[in-house]
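**Student:**
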Amino acid sequence: MRETMSRRHFLTTTGIFILVGQAASTVGPSPSWGAAAAKVGEPAPDFTAPSTKGTPVGLDAYKGKVVVLEWTNHECPYVRKHYESGNMQALQREATGQGVIWLTLISSAKGEQGFVSAAQADELTTTRKAAPTAVLLDEKGSVGHLYGATNTPHMYVVDKTGMLVYAGAIDDRPTTRRSDVQGANNYVRAALDSVATGQPVKTPVTRAYGCTVKYS
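Here the sequence shown is numbered in this note's numbering, starting from 181 and rising by one per residue.
1. May I ask you to verify whether the region 367 to 380 touches the region 332 to 346, counting CB pairs closer than 8 Å and requiring at least 3?
2. Only counting the same chain, and skipping five residues up and downstream in sequence, which positions put a Cβ closer than 6 Å to that of serine 288?
3. Tell me which residue opens and which closes the alpha helix (DSSP H) that glutamate 250 is part of.
4. To which residues of the same chain is lysine 309 closer than 7 Å at the C-beta, ignoring the five residues directly before and after it?
5. Evaluate contact between the region 244 to 263 and the region 279 to 288, counting only Cβ atoms and requiring at least three cross-stretch pairs below 8 Å.
6. Hey, how far is the Cα of histidine 262 from the Cα of cysteine 256?
7. By the 10 Å Cβ neighbour count, where 16 or more other Cβ atoms means buried, how is threonine 235 classified, buried or exposed?
8. Please tell me whether leucine 326 and alanine 218 are closer than 8 Å, where the distance is taken between their beta carbons.
9. Under 8 Å between the Cβ atoms of valine 259 and threonine 332?
10. Please state whether DSSP places glycine 238 in a helix, a strand or coil.
11. Are alanine 311 and threonine 276 closer than 8 Å when you measure CB to CB?
12. With distances taken from CA atoms, which of Thr330, Arg353, Thr313 and Glu292 is nearest proline 396?
13. Out of curiosity, what's the CA-to-CA distance linking valine 381 and alanine 364?
14. Do you know how far the Cα of tyrosine 367 is from the Cα of serine 297?
15. What number of angstroms, rounded off, separates the C-alpha of arginine 182 from the C-alpha of tyrosine 389?
16. Roughly how many whole angstroms lie between the Cα atoms of alanine 376 and glycine 321?
17. To test your reading of the DSSP string, which unbroken alpha helix (DSSP H) runs of 4 or more residues are found completely within the region 274 to 350?
18. What does DSSP give as the partner residues of cysteine 391 in its beta bridges?
19. For the beta strand (DSSP E) containing proline 230, name the first residue and the last one.
20. Applying the 10 Å Cβ sphere with the 16-neighbour rule, what's the burial state of aspartate 351?
21. If you compare alpha carbons, which of Val315, Asn267 and Arg387 is closest to serine 231?
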């Protein structure tokens, strides 16, 4: 009897650990390189990464512009929620229509979920009717590590002075349900509205949700 109870206790405890481990894979663990990652309220680190068009794109080229950085993985259900609902595309068009630069970054390593070639990335942009300024390929994860990107989607906003003014989730509904887009508090839109009116971003840092970035 005691042996049976001990086994049940072990299985229950193990199950709890497994569930905790699974949850941790989506909420965004603190990376070992987090201390060196970009920080809100400080200048956004410059970087250069190849675009899907074969030309290098650097953040420094957009001085004087508001820039949105979007980490993505087309296979991630959290990302799919925002693209299949049209939410991400609508925000991209809204932002770029106001002169904002929108850079979509793919940091999935080769062989990992979400990795795509330049041609495949362009095909995704076309089929999903996405509207970023450019899609950047970060196969080695150098830009992702520089910014401390842990999840997809993981969003950042850089103001015209080059300061990082927002980092975190796209909104306050950490689910995969498309219906939850309706009525959500979109942190990125709110940050862009604040920047446009010269006001401080009310919620400059949130915890990103989604799939973990598939670094090598």
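Every residue, glycine too, gets a C-beta built ideally from N, C-alpha and C.
Note that the coordinates shown come from a computational prediction; the quantities given were computed from them, not determined experimentally.
**Tutor:** On the basis of the supplied data:
1. yes
2. Taking the sequence shown and counting its residues from 1, the one referred to as residue 288 is at position 108. Around serine 288: Asn253, Gly294, Phe295 and Lys394.
3. Mapped onto the sequence shown, residue 250 falls at position 70. Element bounds for glutamate 250: not the alpha helix (DSSP H) but the beta strand (DSSP E), 247 to 251.
4. Here residue 309 is taken as the residue at index 129 of the sequence shown, counted from 1. Result list for lysine 309: Gln269, in chain order.
5. yes
6. The residue given as residue 262 occupies position 82 in the sequence shown. The residue given as residue 256 occupies position 76 in the sequence shown. C-alpha separation (whole angstroms): 10 Å.
7. Indexing the sequence shown from 1 puts residue 235 at position 55. Flag for threonine 235 reads exposed.
8. To locate residue 326, count along the sequence shown from 1; it is residue 146. To locate residue 218, count along the sequence shown from 1; it is residue 38. Contact flag set, yes.
9. Taking the first residue of the sequence shown as position 1, residue 259 is located at position 79. Taking the first residue of the sequence shown as position 1, residue 332 is located at position 152. Yes, the Cβ-Cβ distance between valine 259 and threonine 332 is below 8 Å.
10. Taking the sequence shown and counting its residues from 1, one reaches residue 238 at position 58. The answer is strand: DSSP assigns glycine 238 an E or B state.
11. Position 131 of the sequence shown, counted from the start, is the residue given in the question as residue 311. Position 96 of the sequence shown, counted from the start, is the residue given in the question as residue 276. For alanine 311 and threonine 276, yes; Cβs fall inside 8 Å.
12. By 1-based counting over the sequence shown, the position of residue 396 is 216. Here residue 396 is serine; the residue named in the question, proline, does not match the sequence. Nearest C-alpha to serine 396: Glu292.
13. Walking along the sequence shown from the start, residue 381 turns up at place 201. Walking along the sequence shown from the start, residue 364 turns up at place 184. Taking the straight line from one Cα to the other gives about 17 Å.
14. Here residue 297 refers to the residue found at position 117 of the sequence shown. Here residue 367 refers to the residue found at position 187 of the sequence shown. Rounded to whole angstroms, serine 297 to tyrosine 367 spans 30 Å at the Cα level.
15. Locating residue 182 in the sequence shown gives position 2, counting from the first residue. Locating residue 389 in the sequence shown gives position 209, counting from the first residue. With a pLDDT of only 40 at arginine 182, under the threshold of 50, the placement of this residue in the model should not be trusted, and no figure is reported.
16. On the sequence shown, position 196 is the one that residue 376 refers to. On the sequence shown, position 141 is the one that residue 321 refers to. Approximately 31 Å between the Cα atoms of the pair.
17. 298 to 307 and 322 to 327
18. Locating residue 391 in the sequence shown gives position 211, counting from the first residue. DSSP, once it has assigned bridges, lists Thr332 as partnering cysteine 391.
19. Here residue 230 corresponds to residue number 50 of the sequence shown, with the count starting at 1. Looking at the DSSP string, the run of the beta strand (DSSP E) that includes proline 230 is 228 to 230.
20. Reading the sequence shown from its first residue, position 171 is the one you call residue 351. Buried: at least 16 other Cβ atoms inside 10 Å.
21. Here residue 231 is taken as the residue at index 51 of the sequence shown, counted from 1. Of the candidates Val315, Asn267 and Arg387, the one whose C-alpha sits nearest the C-alpha of serine 231 is Val315.
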